[in-house]
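Notes follow the structure.
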Amino acid sequence: MSSNYFQFDVDKIRADFPVLDQMINGNPLVYLDNAATSQKPQSVIDSLVNYYSTENANVHRGVHTLSQRATDDYEEARAKIRRFINAEKDEEIIFVRGTTEGINLISQTFGRSCISEGDEIIISSMEHHSNIVPWQILCQEKGAKLRVVPVNDIGELLLDEYERLFTANTKLVSIVHQSNALGTINPAKEIVDIAHGHGVPVLLDGAQAIAHLGVDVRDLGCDFYAFSGHKLYGPTGIGVLYGKGSLLEEMPPYQAGGEMIRSVTFEETLYNTLPNKFEAGTPNIAGAIGLGAAIDYIGTIGMDEILVYESELLQYGTDRLSGIEGLKIIGTADKKGSVISFIMEGVHPHDIGTILDAEGIAIRTGHHCAQPLMDRFGVPATARASLAFYNTKEEIDVLVRGIDRVIEVFS
Amino acid sequence: MSNLNDLYQEILLEHNSKPRNFRKLDPYSHTADGYNPLCGDQISLYLQITGGVITDVGFQGKGCAISRASASLMTQSIKGQNLEDADNVFDQFRKMLTEPDAVLDYDQLGDLETLAGVAEFPSRIKCAILAWHTMKAAIEDNVEDVTTE
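Quick note, the sequences are listed as chains A and B, same order.
Residue numbering for the first sequence follows our numbering, starting at 1059 and increasing by one per position.
Residue numbering for the second sequence follows our numbering, starting at 969 and increasing by one per position.
Right, here's the structure in full:
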């Protein structure tokens, strides 16, 4: 056990998350569904209340004081995110609704302008539906082809196979950084290097990774990186698409409307500069400010400390669950984020979820929006416990007792 | 928890582990597939309808204990019934799960009453009702697959 673990004051951290302090079905809530969405610290909740209570106004529009305050805070949130992921410039940070919209933005803009008949897009077998379906639609529209990197039996991408998929027609790679269903952390840097060796840009789906790994987009070298605020302890409805400035400049706009224009006549419209070109309409101002507050909060704990603590929890949970007869963990990659996906002999995951809920334990059950991956492992669904830095070993013990109860009911 | 015991009653667990009529009919006159996209339940239902009577019924598929036991109990319930009666049982069953104040005909429901506890678990009602929607679709010969969404 590392010394960091002892310095990590989880009780103090838990007190920052008001939702955790409640009873569910007569038992203390044990929230283990963080890969679906994370809980919000009081400071994020306060930032939303404060914004709407004291400075609500539209951004980039008015000359009045409130509008200026709202604009300053909205743009300050952008700068916080730029620093958090180590992007070069603020304008490389595009506010979107979430990872899904970030990926759709790329398929609608870069995809539509750069992909044509016979071209190929590489994704992987462990993608979330949101990193499959936008490309399928684009491929159908353009007559392009989707190529899929396979995974091995423990849930790791086969990099040799990946490299073999490149042809002269490969135009884009879009791969998940950390699998939502298995927890596998993919070797993003290697994935990017291989693609760049073939002159192909890379989009990373960072929905899960952003909250659990220190993400440095310049170190990764990726061309695009998409993530959601709500999995990073921020509000729902706000997310980020990072793009390299040079690529974003060349891309056509996404949605059309206010904010994204420089001048409009009925004959011609000149588009605004980055990042506004991609932010048509009034944005989710409060959401962006709330996400900024979430990043401030994470800064008070430290991403490295979070990673160490969550790794300890994952190890503990994996050891405890592995010891249960008839339980099998799906996804045992060497490099894993704090996700334990499992199945139990003779019990459907949905029944596991209901019985655990009766004990106050929240987990996710189902196919995790990754049906092709479930097919790969020959299971219709899994039960998934996903951990955050406010979870404890004691909560994992409660989970194990809950699983004992499942076994009891079905014995 | 008592609710949980109401849900996972012995008869239900028994139908889950040993589902009745768990086979593909050959021949069959009507069939449909049903899906519950939320949890991945999938059922294929086969009916032999002769002269307005369900003379035989079988199902196959994967799913949770609730969906599997419900399908199994349904096949027992509708086998030998005419279409109108089967429809009435479905109506009673749906009311049992979704209308807490409904006056029910427990004679008609028979063993289906085992599933009454599902009403306390709103997220699981879809699991229990999937087989019945699939039956309706098969009878109406819907070309589209059924989902509970």
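The beta carbon of each residue, even a glycine, is placed where N, CA and C say it ideally should be.
Whether residue i touches residue j by CB criterion (9 Å)
{"i": "Leu-1240/A", "j": "Met-1184/A", "result": "yes"}
{"i": "His-1408/A", "j": "Asn-1238/A", "result": "no"}
{"i": "Val-1117/A", "j": "Glu-1133/A", "result": "yes"}
{"i": "Val-1231/A", "j": "Ala-1253/A", "result": "yes"}
{"i": "Ile-1179/A", "j": "Leu-1196/A", "result": "yes"}
{"i": "Asp-1075/B", "j": "Gln-1044/B", "result": "no"}
{"i": "Ile-1413/A", "j": "Ile-1401/A", "result": "no"}
{"i": "Ile-1233/A", "j": "Asp-1392/A", "result": "no"}
{"i": "Glu-1337/A", "j": "Glu-1363/A", "result": "no"}
{"i": "Gly-1303/A", "j": "Thr-1294/A", "result": "no"}
{"i": "Gly-1026/B", "j": "Arg-991/B", "result": "yes"}
{"i": "Ile-1152/A", "j": "Val-1298/A", "result": "yes"}
{"i": "Leu-1261/A", "j": "Tyr-1283/A", "result": "yes"}
{"i": "Glu-1146/A", "j": "Pro-1333/A", "result": "no"}
{"i": "His-1406/A", "j": "Arg-1036/B", "result": "yes"}
{"i": "Ser-985/B", "j": "Gly-1404/A", "result": "yes"}
{"i": "Tyr-1448/A", "j": "Gln-1097/A", "result": "yes"}
{"i": "Ala-1346/A", "j": "Asn-1092/A", "result": "no"}
{"i": "Leu-1215/A", "j": "Ile-1249/A", "result": "yes"}
{"i": "Glu-1175/A", "j": "Lys-1200/A", "result": "yes"}
{"i": "Pro-1068/B", "j": "Ala-1099/B", "result": "no"}
Contacts that residue i makes with chain B (C-beta to C-beta distance below 7 Å)
{"i": "Gly-1418/A", "result": "Result: empty, since nearest Cβ-Cβ is about 10 Å, beyond 7 Å."}
{"i": "His-1406/A", "result": "Gly-1031, Cys-1032, Ala-1033"}
8 Å Cβ cut-off: residues of chain B touching residue i
{"i": "Ile-1387/A", "result": "Chain B residues near Ile-1387/A: none, gap ~19 Å exceeds 8 Å."}
{"i": "Thr-1423/A", "result": "Cys-1007"}
{"i": "Ala-1409/A", "result": "Sequence inspection shows Asp at residue 1409/A; the Ala mentioned does not correspond to that position. Going along chain B in sequence order, the residues near Asp-1409/A (Cβ under 8 Å) are Tyr-976, Cys-1032, Ala-1033, Ile-1034."}
{"i": "Pro-1310/A", "result": "The premise fails here: Pro-1310/A is roughly 34 Å from chain B at the closest Cβ pair, so nothing lies under 8 Å."}
Minimum Cβ-Cβ distance from residue i to chain A less than 9 Å
{"i": "Ile-1093/B", "result": "no"}
{"i": "Phe-1089/B", "result": "yes"}
{"i": "Val-1111/B", "result": "Low confidence applies to Val-1111/B: its pLDDT is 48, below 50, so where it sits in the model is not reliable, and the reading given next is rough at best. Not an interface residue."}
{"i": "Gln-1028/B", "result": "no"}
{"i": "Gln-1010/B", "result": "yes"}
{"i": "Ser-985/B", "result": "yes"}
Buried versus exposed, by CB contacts within 10 Å (16 or more), residue i
{"i": "Arg-1442/A", "result": "buried"}
{"i": "Leu-1328/A", "result": "exposed"}
{"i": "Val-1366/A", "result": "buried"}
{"i": "Glu-1108/B", "result": "exposed"}
{"i": "Phe-1142/A", "result": "buried"}
{"i": "Phe-1324/A", "result": "exposed"}
{"i": "Tyr-976/B", "result": "buried"}
{"i": "Ala-1070/B", "result": "exposed"}
{"i": "Tyr-1110/A", "result": "exposed"}
{"i": "Asn-1342/A", "result": "buried"}
{"i": "Glu-1113/A", "result": "buried"}
{"i": "Asn-973/B", "result": "exposed"}
{"i": "His-1122/A", "result": "exposed"}
{"i": "Asp-1069/A", "result": "exposed"}
{"i": "Val-1464/A", "result": "buried"}
{"i": "Met-1081/A", "result": "exposed"}
Chain-ordered neighbours of residue i on chain A, where CB pairs are closer than 9 Å
{"i": "Asn-971/B", "result": "Asn-1083, Ala-1416"}
Where residue i meets chain D, residues with beta-carbon distance less than 7 Å
{"i": "Leu-981/B", "result": "You won't find chain D in this structure, because its protein chains are A and B."}
Any C-beta of chain B under 9 Å from that of residue i
{"i": "Ile-1413/A", "result": "yes"}
{"i": "Gln-1429/A", "result": "yes"}
{"i": "Pro-1438/A", "result": "yes"}
{"i": "Met-1432/A", "result": "yes"}
{"i": "Arg-1072/A", "result": "no"}
Chain B residues whose Cβ lies nearer than 9 Å to that of residue i
{"i": "Ala-1441/A", "result": "What Ala-1441/A touches in chain B: nothing, since even the nearest Cβ is about 11 Å away."}
Nearest-angstrom beta carbon gap, residue j and residue i [assumed within contact, 8 Å]
{"i": "Gly-1008/B", "j": "Ala-1439/A", "result": "4 Å"}
{"i": "Ala-1054/B", "j": "Ile-1011/B", "result": "Their Cβ separation, rounded to whole angstroms, is 16 Å, which puts Ala-1054/B and Ile-1011/B out of contact at 8 Å."}
{"i": "Leu-1349/A", "j": "Gly-1292/A", "result": "4 Å"}
{"i": "Ser-1396/A", "j": "Glu-1368/A", "result": "4 Å"}
{"i": "Ile-1097/B", "j": "Leu-1065/B", "result": "7 Å"}
{"i": "Thr-1082/B", "j": "Ile-979/B", "result": "5 Å"}
{"i": "Pro-1192/A", "j": "Ile-1161/A", "result": "5 Å"}
Any non-hydrogen atom of the ligand NAD within 8 Å of residue i CB
{"i": "Arg-1320/A", "result": "The ligand NAD is not part of the structure shown, which contains no ligands of any sort."}
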